[in-house]
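Plus 47 on top of the position in the sequence shown (first one is 1) and you've got the numbering used here.
One structure below.
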Amino acid sequence: MTAVTLPPYLLAPLRHALDGAVVAPDDPDYDDARRRWNAGIDRRPAVIACCTSTADVVAALAFAQERGLDIAVRGGGHNPAGTSINDGGLVVDLSRMNEVTVDPQAKRARVGGGALLGQLDAAAAAHGLATPAGTVSHTGVAGLTLGGGMGWLTRKFGLALDNLESVEIVLADGRVVRCSTEQEPDLFWAVRGAGTNFGVVTEFVFRLHELDPVVHFGFYFFALDERRDVLRRARELYAGLHPETTVFVVGLNAPPAPFVPPELHFSPGLAVLAVSFAGPELLTELTGRLRAGLAAPLAAMETPMPYVALQQLIDEPNAWGMHAYEKGTYLTSLSDTAIEAIAEHLPRKNSPLSHVILMPLDGGFCATADDATSFGGTRTPKLGAFIIDVAPTAELEQADRPWVRALWDTLQPDAPEEESSYVNGVADYDDARVRAIYGRKYDRLAELKARYDPQNTFHHNANIRPALPAAGTPNPPA
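This is how it looks when you write it as structure tokens:
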């Protein structure tokens, strides 16, 4: 698609109003500015407003709305569905608003709307502190947090959004609002789970927690033929995990790491990733339980490592420039039928980078009440299952899409009733899927959307449509 080009005289007011750069299709850095993590996203906005302040965001939104331009918002640019960019509209680019400031005495971090997880992790770890985040350090803080934010620390400290103290948000009408449990509490409830629908968050304030900067990590790679036995063993581990540990089970191809014999590099199999946040003894106990009764892993590694390095562990196989697609689901448990579904489908993937992750969601995840935030799902113990198609070429990525969808469909009988998906693990949005994600919270979100964004200005997301103001009145267009 050829990019829409606005004449210089139309762009002049925006260039004058912004301290940050304004990038248009004729500018030499346009292609770099429109690039996204998922190389399969190839959209061409008419203008990219590279904001450096909240005032820039206000000006960019006003410019777009005065001229009827579609609006998308970029934090980290990592969303697989490409929600942070549009064709022919304006992109509010926050990537330059990435400052992270830590107050170690108060255990708080102020984080710009364009910051990446790696920046937050490093700034907090310098003081022996951390807050829950995702598992790929070049993910944006904003998009991850506004939908939930699951990762290695979820069992210990909950979701990223559970650790928010406040946010600064620019609304569709240009107002700048600070919201928290005391200020604009309804809006604060809404942004913690469905936040991309309500405005542009320019700053987050997170609670931080004391965490030993060094964690103890184990990686155990098993042959594909052992996958059913490994999954059954993982089920036993998940039933009794110590609060200071977590275990991810990942269906993948063996990494070309030094501890993996060269002949096994890229071989399909199943890996168990175990972490202790409270010393090596817990890891030893955990891995002893894992390996009891199983064939020896084909490759294994146990080591202390910085928490920041743990957060970067899967950065490389998820590097920018890959083509990607994913679907996530919740599982009430790792039942016999779920194990069989995973075991049957795992050998059918095509790309060596495509994978399945099983993540335990209990402990700290369950410490927040269901209705305390708009997070799309209950806080009952469960597993998060992420089926992720990652490939170096578009053709290989397309070849694995049917695999992702088929495994997701097969797992649905084991999904909790009426909460099959996590919003940050969905690449295909439609009204029915969004309603299913938010369940009984959807109607309240729609009412708040009508209050804060009645024209549905922010719709490049898992979109909550504004509630109808009166019977028979149509919704604003998406």
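Just so you know, even glycine gets a beta-carbon here, dropped at the ideal spot from N, CA and C.
Contact check for Ala-237 against Ser-421 passes: the beta carbons are separated by less than 8 Å.
By the neighbour-count criterion, in which a residue is buried when 16 or more other Cβ atoms sit within 10 angstroms of its Cβ, Glu-444 is buried. Counting every other CB atom within 10 Å of its CB across the protein chains shown gives Arg-487 a total below 16, marking it as exposed. In this chain, Leu-495 is not harboured by any beta strand (DSSP E); it is covered by the alpha helix (DSSP H) spanning 489-499. Comparing alpha carbon positions, the residue from Pro-179, Ala-107 and Phe-251 closest to Glu-257 is Pro-179. With fewer than 16 other CB atoms across the displayed protein chains lying within 10 angstroms of its CB, Gln-230 is exposed. Per DSSP, reduced to three states, the secondary structure at Phe-235 is helical.
A distance below 7 Å between beta-carbons, with the five flanking residues on each side excluded, links Trp-455 to the following residues of its chain, in chain order: Lys-374, Thr-376 and Ile-434. Looking at Val-403, Phe-269 and Gly-316, the one whose alpha-carbon comes closest to that of Asp-436 is Val-403.
Taking Ala-107 as reference, the option from Glu-494, Ala-441 and Val-138 with the minimal CA-CA separation is Val-138. For Gly-265, the uninterrupted beta strand (DSSP E) segment begins and ends at 261-270. Judged by DSSP secondary structure, His-370 falls outside any alpha helix (DSSP H) and instead within the beta strand (DSSP E) spanning 370-378. Between Phe-313 and the set Leu-271, Gly-326, Leu-288 and Ala-325, the nearest pair of CA atoms involves Leu-271. In this chain, the alpha helix (DSSP H) harbouring Glu-387 covers 383-392. Secondary structure note for Thr-201: it is in no beta strand (DSSP E), and the uninterrupted alpha helix (DSSP H) holding it is 201-204.
The beta-bridge partner set that DSSP reports for Gly-187 consists of Leu-163. The alpha-carbon of Leu-218 is positioned some 30 Å away from that of Trp-367. In the three-state scheme derived from DSSP, where H, G and I count as helix and E and B as strand, Ala-170 is classed as helix. For the pair Leu-492 and Leu-193, the Cα-to-Cα distance works out to about 14 Å.
Taking 8 Å as the cut-off, the Cβ atoms of Tyr-372 and Ala-474 count as close. Across the set Gln-459, Gly-242, Asp-500 and Arg-274, the C-alpha of Arg-274 shows the shortest separation from the C-alpha of Ala-390. Here the C-alpha atom of Asn-133 lies approximately 24 Å from the C-alpha atom of Leu-164. With a minimum length of 3 residues, the unbroken runs of beta strand (DSSP E) contained wholly in the region 74-106 fall at 94-97. Going by DSSP, Gly-335 is part of the alpha helix (DSSP H) stretching over 327-338. For Ile-132, there is no enclosing alpha helix (DSSP H), as DSSP marks it with neither H nor E.
Distance from the CA of Val-158 to the CA of Val-188, rounded to the nearest whole angstrom, comes to 8 Å.
The beta carbons of Gly-424 and Lys-203 sit no closer together than 8 Å. Buried is the label assigned to His-370, since at least 16 other Cβ atoms lie within 10 Å of its Cβ. The region 319-336 makes contact with the region 286-300; the number of CB pairs closer than 8 Å reaches 3 or more. Across the structure, Ser-142 and Ala-414 are spaced so that their CA atoms are roughly 32 Å apart. In the pairwise beta carbon analysis, the region 54-72 is classified as touching the region 93-111: at least three pairs are separated by under 8 Å. Of the residues assessed, Arg-121 falls on the buried side of the cut-off, its CB having 16 or more other CB atoms within 10 angstroms. In the DSSP assignment, Asp-478 falls within the alpha helix (DSSP H) that extends over 478-485.
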